[in-house]
Amino acid sequence: MIDNQSTISIVKNLVYHGRTKHIKVIFHLIRDAVKDDEIAIAHRGTNDQVADVFTKCLKNVKLLALRALLGVCKMNSKEVG
Numbered sequence: 001m002i003d004n005q006s007t008i009s010i011v012k013n014l015v016y017h018g019r020t021k022h023i024k025v026i027f028h029l030i031r032d033a034v035k036d037d038e039i040a041i042a043h044r045g046t047n048d049q050v051a052d053v054f055t056k057c058l059k060n061v062k063l064l065a066l067r068a069l070l071g072v073c074k075m076n077s078k079e080v081g
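The letter at position 48 of the sequence shown is residue 48 when you use UniProt numbering, and the numbering goes up by one with no holes.
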């Protein structure tokens, strides 16, 4: 699992955080999986955050690069049918 440094620090620190009390149950499942060595997490730099494609307004070059990482490609109108 790859994410930003803030998320990684919350996952690794098993202490209750008042600011994170409303995080969904899935987060706690992930934290337990990390603690039990079922999954590993690693930092992903800003330029490689693929989710930015869905959450930020990006310049064309970055949009195309992240789109390629997702495996999404442009379709021609002829291909659509």
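Yeah, the Cβ is synthetic: ideal placement off N, Cα and C, and Gly gets one too.
This one's a predicted model, so the numbers in the text were calculated from it and none came from an experiment.
Compute every distance between the C-beta of R67 and the non-hydrogen atoms of the ligand FAD, then say whether any falls below 6 Å. Summarising the ligand content, the structure contains no ligands, and the ligand FAD is consequently not present.
Are the Cβ atoms of L69 and V50 separated by less than 7 Å? Position 69 of the sequence shown, counting from 1, holds the residue named residue 69. Position 50 of the sequence shown, counting from 1, holds the residue named residue 50. Taking the C-beta atoms as reference points, V50 is found nearer than 7 Å to L69.
DSSP state of A51 mapped onto helix, strand, coil: Position 51 of the sequence shown, counted from the first residue, corresponds to residue 51. Three-state DSSP puts A51 in coil, outside helix and strand.
Nearest-angstrom Cα distance between L66 and K74? Position 66 of the sequence shown holds residue 66. Position 74 of the sequence shown holds residue 74. In a straight line, the C-alpha of L66 is about 13 Å away from that of K74.
Between V34 and I8, what straight-line distance do the alpha-carbon atoms span, to the nearest angstrom? Counting from one through the sequence shown, the residue named residue 34 turns up at place 34. Counting from one through the sequence shown, the residue named residue 8 turns up at place 8. CA-to-CA, the gap between V34 and I8 works out to about 10 Å.
Rounded to whole angstroms, what's the CA-CA distance from D48 to C57? Just pull it up for me. Here residue 48 refers to the residue found at position 48 of the sequence shown. Here residue 57 refers to the residue found at position 57 of the sequence shown. Distance between the alpha carbons of D48 and C57 is about 15 Å.
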